[in-house]
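All remarks here apply to the structure that follows.
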Amino acid sequence: MQILDYKHIVATERRDGYFAIPELERQKSSVKQFIELANLDIELIKPTGFIYVDGFTITQAESGLGSTAGKYVVAVTGGSSYALHKWISSFKTPEYVVAATITSGTCASGIQALMIAEEWLMLGVCEEVIVIGGERITEDTLRLFKELRIDIMCGDGFVYMKFGKGMGNLESINWKYAYNANPFTFTSHSLNTLIPDYPLDFIKLHGTGTPSNTEAEADLAELGIPLTFKSRIGHTQGISSLLEMCIVLSSDAIKGTILVLANGLGGFYGSCTLYK
Numbered sequence: 578m579q580i581l582d583y584k585h586i587v588a589t590e591r592r593d594g595y596f597a598i599p600e601l602e603r604q605k606s607s608v609k610q611f612i613e614l615a616n617l618d619i620e621l622i623k624p625t626g627f628i629y630v631d632g633f634t635i636t637q638a639e640s641g642l643g644s645t646a647g648k649y650v651v652a653v654t655g656g657s658s659y660a661l662h663k664w665i666s667s668f669k670t671p672e673y674v675v676a677a678t679i680t681s682g683t684c685a686s687g688i689q690a691l692m693i694a695e696e697w698l699m700l701g702v703c704e705e706v707i708v709i710g711g712e713r714i715t716e717d718t719l720r721l722f723k724e725l726r727i728d729i730m731c732g733d734g735f736v737y738m739k740f741g742k743g744m745g746n747l748e749s750i751n752w753k754y755a756y757n758a759n760p761f762t763f764t765s766h767s768l769n770t771l772i773p774d775y776p777l778d779f780i781k782l783h784g785t786g787t788p789s790n791t792e793a794e795a796d797l798a799e800l801g802i803p804l805t806f807k808s809r810i811g812h813t814q815g816i817s818s819l820l821e822m823c824i825v826l827s828s829d830a831i832k833g834t835i836l837v838l839a840n841g842l843g844g845f846y847g848s849c850t851l852y853k
């Protein structure tokens, strides 16, 4: 599968409990804001699949909390299914969208989206696939992580990627589910099943810095030069693997064969190999 295009936005300002995109307003629809901030102008010209990447928490503020918005309207339009259609309606030629879905594999949502994109392209469902996801931190997100005693910094972020058919710079996409009774436990046994049988130059770890995650990724971290980004951009939840992949693509210092990893709450795991 080929990466045809990508755009991403990372947080640049550290605030109390999270990393923020300073231009991002909290009380307005994030879809319109991300379109403007990323300078997106999407005009489809061939049958296209669209995947909206969802994370662990759904913010009702997605629709924008205005004085005329009723509480039920906010709840409905803040859902991921409504956000998916809101994105499609922003395309100049939405009639070219022939398939659309949402991925909700928590922090592994991005890798899950890649798996679906590859399947659609291989089966001829569409000729291109667009994947979009945004994370805007709210008080609800911060409160949830605090109550769950997950000691990590959250972060705003946005990612847009377009994929096409053929042998390209993205291969060996794996996404799996391995049930863990404790949703916050990540086992090295499960992650080690993602180790490829070819040499690697870099390993883009999930890298939350939490004890269970660090221990689970210990074997993987020895396979190449480890890369972690969450300490400077925050944890962007569902889009983290794709957003961090875009950071890798944009870096002149990172070249070669790169394994991109993600693991999410409840036993979602994923990986893919990026050639650069």
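Letter by letter, the sequence shown follows residues 578 to 853 of this note's numbering.
Glycine is no exception: its CB is placed at the ideal position from the N, C-alpha and C atoms.
Range of the contiguous beta strand (DSSP E) that encloses residue i
i	result
I802	802-804
K584	579-587
C849	845-852
L819	Per DSSP, L819 belongs to no beta strand (DSSP E); it is in the alpha helix (DSSP H), 817-827.
K807	No beta strand (DSSP E) holds K807; the alpha helix (DSSP H) holding it covers 807-810.
T625	625-630
I750	747-754
I679	674-680
Delimiting residues of the alpha helix (DSSP H) encompassing residue i
i	result
M738	Element bounds for M738: not the alpha helix (DSSP H) but the beta strand (DSSP E), 734-741.
N769	765-769
T718	716-724
E613	607-614
For residue i, three-class secondary structure by DSSP
i	result
L700	helix
F596	strand
T791	helix
F668	coil
K781	strand
E695	helix
S644	Reliability fails at S644, whose pLDDT of 47 lies under 50, so the model's placement of it is uncertain and no value is given.
S658	helix
A830	coil
G786	coil
G687	helix
Y775	coil
A758	coil
L836	strand
T636	At T636 the pLDDT is 49, less than 50, meaning the model places this residue with poor confidence; the figure from the coordinates comes in the next sentence. In this structure, T636 counts as coil in the three-state DSSP scheme.
Option in the options with minimal Cα separation from residue i
i	options	result
Y852	A793, I780, K807, P788	I780
S749	Y756, L838, A795	L838
S848	G632, D717, Q610, M692	M692
G833	R592, N746, V736	N746
E792	P776, I816, F735, S767	S767
K663	W697, M699, G710	G710
I714	L617, E705, P599	P599
E794	G841, I816, G626, L721	G841
L800	M699, I810, L836, V708	L836
G844	L601, T683, E613, I679	T683
Cβ neighbours of residue i in the same chain (closer than 7 Å, five flanking residues each side left out)
i	result
T805	L782, G784
H812	I729, M730, C731, G732, T785
S808	G786
A615	K584, I586, F735, Y737
S666	none
S789	F761, T762, F763
W697	G626, A676, C703, V706
Distance between beta carbons of residue j and residue i, contact taken as under 8 Å
i	j	result
M738	Y629	Wrong, their Cβ atoms sit about 12 Å apart, outside the cutoff.
Same chain, Cβ closer than 6 Å to residue i, neighbours up to 5 away in sequence not counted
i	result
G641	Note that G641 scores a pLDDT of 48, beneath 50, so its modelled location is shaky; the value from the coordinates is reported in the next line. Correct list, in chain order: K605, S606.
K742	L698
W752	I688, Q689, M692, G847
Residue i beta carbon near the ligand HEM (any heavy atom closer than 7 Å)
i	result
N769	By its list of ligands, the structure shown contains no ligand whatsoever, and the ligand HEM lies outside what it can speak to.
Cut-off 8 Å between Cβ atoms - residues of its own chain near residue i, not counting five sequence neighbours on either side
i	result
I816	V630, G632, S686, G687, G710, G711, E712, G734, F735, V736
Y673	L621, I622, K623, P624, T625
D774	none
Any C-beta of chain B under 8 Å from that of residue i
i	result
T680	No chain B is part of this structure, which consists of one protein chain only.
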